[in-house]
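Enquirer: Sharing a structure below in structure tokens format, with a few things to ask.
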Amino acid sequence: MIAVPNYVSPEEYLDIERQSPVRHEYRRGLVYAMAGGTDNHDRIALNLLTLINLNLRNTECRFHSGNVKVNYRDEFYYYPDAFVTCDPRDRSDRYVKRYPKLITEVLSSSTKTFDLGEKYNDYKQIESLEEYVVISQNEQRVECRRRNSVGDWETVIYTSGERVALTSIGLEFEISELYRGLDG
Numbered sequence: 006m007i008a009v010p011n012y013v014s015p016e017e018y019l020d021i022e023r024q025s026p027v028r029h030e031y032r033r034g035l036v037y038a039m040a041g042g043t044d045n046h047d048r049i050a051l052n053l054l055t056l057i058n059l060n061l062r063n064t065e066c067r068f069h070s071g072n073v074k075v076n077y078r079d080e081f082y083y084y085p086d087a088f089v090t091c092d093p094r095d096r097s098d099r100y101v102k103r104y105p106k107l108i109t110e111v112l113s114s115s116t117k118t119f120d121l122g123e124k125y126n127d128y129k130q131i132e133s134l135e136e137y138v139v140i141s142q143n144e145q146r147v148e149c150r151r152r153n154s155v156g157d158w159e160t161v162i163y164t165s166g167e168r169v170a171l172t173s174i175g176l177e178f179e180i181s182e183l184y185r186g187l188d189g
């Protein structure tokens, strides 16, 4: 991610974002244009969203794709690849959600370091967040970082041939379901 080093207020960012055909993320005064993803990135995200949609269809929870922002205070506004919120307070704003319980990112070579480091640290500040999931494009590997009952974060890694458990939303599936239909 490349940012133009010029402080932008959260209000200015939201105004810019409403008018821009290109999506941008915001972190502590800097605005980052989002790069396009690969077809495999898109397929993994679509497969995940399908699994989540089927799992949540009879609940009050809502899932969102990479077109809706997650925000914490005015420190950051990110577009996760997928996330779930069950908090009714998130129904009043159509563009920004503040109480996710599950956030997922499909890793790419250009965002991997940020997604696993600074972005993860930012997401951990969200009190409602129970689970942060990162999915590899290059191998069948899913890393689930979960907040335990005392507030610490634990990591479980799933690989080829295993069943993935997204405990925050009570969803289990074969890891191969995420990678169905990928090219090369």
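6 is the number of the first residue of the sequence shown in this note's numbering; add one for each residue after it.
The beta-carbon is built from N, C-alpha and C at its ideal position, and this holds for glycine as well.
Who does asparagine 76 pair with in a DSSP beta bridge?
Expert: Residue 76 sits at position 71 when you count from the first residue of the sequence shown. Paired residue(s): Tyr82.
Enquirer: Would you please state the rounded distance, in angstroms, between the beta carbons of lysine 129 and tryptophan 158? I believe it to be under 8 Å.
Expert: As a working note, residue 129 is residue 124 in the sequence shown. As a working note, residue 158 is residue 153 in the sequence shown. Right, the Cβ-Cβ distance comes to about 7 Å (below 8 Å), so this counts as a contact.
Enquirer: What residue does the alpha helix (DSSP H) around isoleucine 21 start on, and which one ends it?
Expert: For the purposes of this step, residue 21 is identified with residue 16 of the sequence shown, where counting begins at 1. Element bounds for isoleucine 21: 15-24.
Enquirer: Is it right to say valine 155 is buried, meaning 16 or more other beta carbons lie within 10 angstroms of its own, or is it exposed?
Expert: Here residue 155 is taken as the residue at index 150 of the sequence shown, counted from 1. With fewer than 16 other CB atoms across the displayed protein chains lying within 10 angstroms of its CB, valine 155 is exposed.
Enquirer: Look at phenylalanine 178 and leucine 19 and say whether their C-beta atoms are less than 8 Å apart.
Expert: In the sequence shown, counting from the first residue as 1, residue 178 sits at position 173. In the sequence shown, counting from the first residue as 1, residue 19 sits at position 14. Not in contact: phenylalanine 178 and leucine 19 (Cβ atoms no closer than 8 Å).
Enquirer: Closest by CA to tyrosine 12, which one among Tyr37, Phe119 and Val27?
Expert: Sequence index remark: in the sequence shown, residue 12 carries index 7 (1-based). Nearest option by C-alpha distance: Tyr37.
Enquirer: What residue ranges within the region 74-156 form continuous beta strand (DSSP E) runs of no fewer than 3 residues, ordered along the chain?
Expert: 74-77, 81-83, 87-90, 105-111, 136-140 and 146-152
Enquirer: What residues in its chain sit with their C-beta under 8 Å from that of threonine 43, if we drop five residues either side in the sequence?
Expert: In the sequence shown, the residue the question calls residue 43 occupies position 38. Cβ neighbours of threonine 43 beyond the five flanking positions: Ser113 and Gln142.
Enquirer: Is the beta carbon of serine 70 sitting closer than 8 Å to the one on alanine 40?
Expert: The residue labelled residue 70 in the question sits at position 65 within the sequence shown. The residue labelled residue 40 in the question sits at position 35 within the sequence shown. Not a contact, by the Cβ cut-off of 8 Å.
Enquirer: Assign arginine 33 to one of three DSSP states: helix, strand, or coil.
Expert: Position 28 of the sequence shown, counted from the first residue, corresponds to residue 33. Reduced to three states, the DSSP call for arginine 33 is coil.
Enquirer: Taking its Cβ as the centre, do 16 or more other Cβ atoms sit within 10 Å of threonine 90, making it buried, or is it exposed?
Expert: Looking up residue 90 in the sequence shown gives position 85. With a 10 Å radius around the Cβ and a threshold of 16 neighbouring Cβ atoms, threonine 90 comes out buried.
Enquirer: Please say whether arginine 33 and glutamate 110 have beta carbons closer to each other than 8 Å?
Expert: Within the sequence shown, the letter at position 105 stands for residue 110. Within the sequence shown, the letter at position 28 stands for residue 33. In this structure, arginine 33 does not lie closer than 8 Å to glutamate 110 by Cβ.
Enquirer: My assumption, with CB atoms under 8 Å, is that valine 75 sits in contact with lysine 102. Please give the rounded CB distance.
Expert: Taking the first residue of the sequence shown as position 1, residue 75 is located at position 70. Taking the first residue of the sequence shown as position 1, residue 102 is located at position 97. That pair is a contact at about 6 Å.
Enquirer: Nearest by alpha-carbon distance to glutamate 16: which of Arg67, Arg78 and Asn52 is it?
Expert: The residue given as residue 16 occupies position 11 in the sequence shown. The shortest C-alpha separation from glutamate 16 is found at Arg78.
Enquirer: Quick check on this structure: which residue in Glu144, Leu187, Gly175 and Arg28 has the alpha carbon closest to the alpha carbon of glutamate 136?
Expert: Against the sequence shown, residue 136 aligns to sequence position 131. The shortest C-alpha separation from glutamate 136 is found at Gly175.
Enquirer: Would you please state the rounded distance, in angstroms, between the beta carbons of arginine 150 and threonine 160? I believe it to be under 8 Å.
Expert: Working through the sequence shown from its first residue, we reach residue 150 at position 145. Working through the sequence shown from its first residue, we reach residue 160 at position 155. The Cβ separation is near 5 Å, so the contact holds.
Enquirer: Just list the residues that DSSP pairs arginine 67 with in beta bridges.
Expert: For the purposes of this step, residue 67 is taken as the residue at position 62 of the sequence shown. Its beta-bridge partners are Thr90.
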